[in-house]
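S.K.: Below you'll find the structure I mean.
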Amino acid sequence: MTGFTALMARDLRLVWRRPGDVAVVLAFFVVATALFPLGIGPQANVLARIAAGVLWCAALFAALLSLDRLFAADHEDGTLDLLLLAPWPLELAALAKCAAHWIVTGLPLAVLAPLLGVAFGLEAESLAALGATLLVGTPTLSLVGGLAAALTLGARRSGALLALLAPPLCVPTLIFGASAVETVATGEGFATHLAILAALALVSLATLPWAIAAALRQAGE
Amino acid sequence: MADLHFLANPARFRRFSQRALPVLSFATALALGVGLYLALVVSPPDYQQGETVRIMFVHVPSAWIAMAGYMLLAALGASLLVWRHPLAALMARGAAPVGAVFCAVCLLTGSLWGRPMWGTYWVWDARLTSMLLLFFLYLGHIALSRAYDDPARGDRAAAILALVGAINVPIIKFSVDWWNTLHQPASVMKLGGPSIHPAILTPLLVMALALALLYVVLVLLRTDTEIDRRRLELSESVA
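Protein chains in written order, with numbering that gives the first Met the number 0: chain A, 0 to 220; chain B, 0 to 238.
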């Protein structure tokens, strides 16, 4: 467990020393979201109707955008080789990297999205639902994206490939996340949606670290 | 299982496929001939769907084969990762584009059928969407397996992707019940027997057999080609 916390603290420290990397991702999220009213038109009722989907999709893209460097830097400077040789499970290392990624992207996105939701004219309950679903749903995005990042490590056009691999696997999270906000708008609770999102996150948590570790092992061979 | 391991040797597989391919090709041509005759000439037009019901004879088997083809990819991926069978990688390379084409055929024929029946080429129904996602998974598999300078690396990465993506295939099968929207629920494979009249069911099953044989023939043929290609690359790198 000390290795887990050490690796996570290291990744967080790296981000802390170069906050620009995270700032770019969050700025992309804001810019991408702001493009939709410009493309669709400023009618308040239309914007409130599509807000949840737009914000969820933009959050998905922003998470993907930040993922292609998740393992690449460690692969280049040899850290990954040391992690492969380390006397503790590579699955934990994969989980630590994904957890650090979630703290620096998923968490800020979940905080930022309700603020942007205000600009789309969402009601208070919808804003709460948006923040809560993003909070529960983004760990899945980090884990699925982590797998895509590990699979495309060292590939040609790895960034574009990652953007092709990850979205189909993120679709269930996207569907339940965005529809939770819609359910709130029709006056129902979103506990079921939140439970399904949590189930998806837990299944990802229980299975994907092994897949990521397998992908990293064959990248190191 | 022992027989499958026996075939894992590429040279032995070649001998097997050289003998099996002529027989299977003949059987495919025969089944396709009979199936198309039954589907296009013998079977009656549906009382609601009219002549467009004939699209189903290609559409439904394509969907089955596309889903089964992805399960094959996952099985080949497991076989590559567990036993490191070199043939599994070559066969996955051969099988993925064939499965993707069947998936595309399913989507296209469904769209052509949807226009007169539903009044639209495409709806964002759960089942259609998950078929589209299966197509994307196929594309990802194809792109990933060919994205590395070292082909063995691409094969193993694609194998892991196929195993993770296989979780998506059951979601396709059960999404009808989960969301239950515009697409009609499964009517052949369900408890209590099929709810289709035999006059339609027989040509459908013959067409399914014919297209499944076609899939097998194409995959065997492409696997042979991949073996040749790999041998050529090896001999070039040695020379």
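We put the CB at the ideal spot given by N, CA and C, even for glycine.
Using a Cβ cut-off of 7 Å (strictly closer), state whether residue 79 of chain B contacts chain A.
M.R.: no
S.K.: How would you call residue 112 of chain B, buried or exposed, if buried means at least 16 neighbouring beta carbons within 10 angstroms?
M.R.: buried
S.K.: Specify whether the region 138 to 147 of chain B and the region 80 to 95 of chain B touch according to this definition: at least 3 beta carbon pairs, one from each stretch, less than 8 Å apart.
M.R.: yes
S.K.: Mind checking if residue 232 of chain B is an interface residue toward chain A, Cβ cutoff 7 Å exclusive?
M.R.: no
S.K.: Tell me whether the region 205 to 217 of chain A and the region 85 to 99 of chain A touch, counting them as touching only if at least three CB pairs, one residue from each stretch, are closer than 8 Å.
M.R.: yes
S.K.: Name, in chain order, the residues that DSSP records as bridge partners for residue 80 of chain A.
M.R.: Residue 80 of chain A pairs with nothing; no bridge assigned.
S.K.: With a CB to CB cut of under 7 Å and the five nearest residues on each side skipped, what residues in its chain are close to residue 152 of chain A?
M.R.: 70, 71, 74, 218
S.K.: Taking the continuous alpha helix (DSSP H) assigned at residue 124 of chain B, which residues delimit it?
M.R.: Unbroken run through residue 124 of chain B: none, as it is neither H nor E.
S.K.: List, in chain order, every chain A residue whose beta-carbon is nearer than 8 Å to that of residue 135 of chain B.
M.R.: Result: 163, 166, 167.
S.K.: Report, in whole angstroms, the separation of the C-beta atoms of residue 113 of chain A and residue 21 of chain A, which I expect to be a contact under 8 Å.
M.R.: The pair is not a contact, with the Cβ atoms about 19 Å apart (cut-off 8 Å).
S.K.: When burial is assigned at 16 or more other CB atoms within 10 Å of the CB, is residue 218 of chain B buried or exposed?
M.R.: Looking at its Cβ environment, which holds 16 or more other Cβ atoms inside 10 Å, residue 218 of chain B is buried.
S.K.: Let me confirm a value: residue 166 of chain B is counted as buried when at least 16 other C-beta atoms fall within 10 Å, else exposed. Which label applies?
M.R.: exposed
S.K.: According to DSSP, is residue 113 of chain B helix, strand or coil?
M.R.: helix
S.K.: Report yes if the CB atom of residue 148 of chain A is closer than 7 Å to the CB atom of residue 66 of chain A, and no otherwise.
M.R.: Going by C-beta atoms, residue 148 of chain A is nearer than 7 Å to residue 66 of chain A.
S.K.: Start and end of the alpha helix (DSSP H) containing residue 192 of chain A?
M.R.: 190 to 219
S.K.: With 16 other CB atoms within 10 Å as the buried threshold, where does residue 92 of chain B fall?
M.R.: buried
S.K.: Whose C-beta lies closer than 7 Å to the C-beta of residue 198 of chain B among residues of the same chain, with five residues either side of it excluded?
M.R.: 42, 43
S.K.: By the criterion of Cβ-Cβ separation under 8 Å, what are the contact partners of residue 225 of chain A in chain B?
M.R.: With chain A covering 0 to 220 only, the question about residue 225 of chain A has no answer from this structure.
S.K.: So is residue 132 of chain B in contact with chain A if we call contact Cβ pairs under 7 Å?
M.R.: yes
S.K.: What three-state label does DSSP hand residue 10 of chain A in the structure shown?
M.R.: helix
S.K.: State yes or no: is the C-beta of residue 135 of chain A within less than 7 Å of the C-beta of residue 193 of chain A?
M.R.: It is a contact, given that the beta carbons lie within the stated cut-off.
S.K.: Taking Cβ-Cβ distances shorter than 9 Å, what residues in chain A pair up with residue 147 of chain B?
M.R.: 153, 154, 155
S.K.: Below 8 Å, can you find three or more Cβ-Cβ pairs linking the region 202 to 210 of chain B to the region 12 to 19 of chain B?
M.R.: A contact between stretches requires three or more CB pairs, one per stretch, nearer than 8 Å, and the region 202 to 210 of chain B fails this requirement with the region 12 to 19 of chain B.
S.K.: Interface residues of chain B around residue 23 of chain A at Cβ under 9 Å?
M.R.: Here the premise fails: no neighbours, minimum Cβ distance about 25 Å.
S.K.: What residues of chain A sit near residue 143 of chain B, judged by a beta carbon separation below 8 Å?
M.R.: 150, 151, 154, 160, 164
S.K.: Should the region 75 to 82 of chain B be regarded as contacting the region 118 to 130 of chain B, the criterion being three or more beta carbon pairs within less than 8 Å?
M.R.: no
S.K.: Alpha carbon to alpha carbon, how far is residue 98 of chain A from residue 204 of chain A?
M.R.: C-alpha separation (whole angstroms): 10 Å.
S.K.: Please report the distance separating the alpha-carbon of residue 80 of chain B from that of residue 210 of chain A.
M.R.: 11 Å
S.K.: So, helix, strand or coil for residue 68 of chain B, using DSSP?
M.R.: Of the three classes helix, strand and coil, the one that applies to residue 68 of chain B here is helix, per DSSP.
S.K.: Can you tell me whether residue 67 of chain A is helix, strand or coil according to DSSP?
M.R.: coil
S.K.: Would you please verify whether the beta carbon of residue 156 of chain B is less than 7 Å from any beta carbon of chain A?
M.R.: yes
S.K.: Of all Cβ atoms in chain A, is any one closer than 7 Å to the Cβ of residue 40 of chain B?
M.R.: no
S.K.: Would you decide whether residue 225 of chain B is buried or exposed? Buried here means 16 or more other CB atoms lie within 10 Å of its CB.
M.R.: With 16 or more other Cβ atoms within 10 Å, it is buried.
S.K.: May I have the straight-line CA-CA distance separating residue 166 of chain A from residue 59 of chain A, to the nearest angstrom?
M.R.: 8 Å
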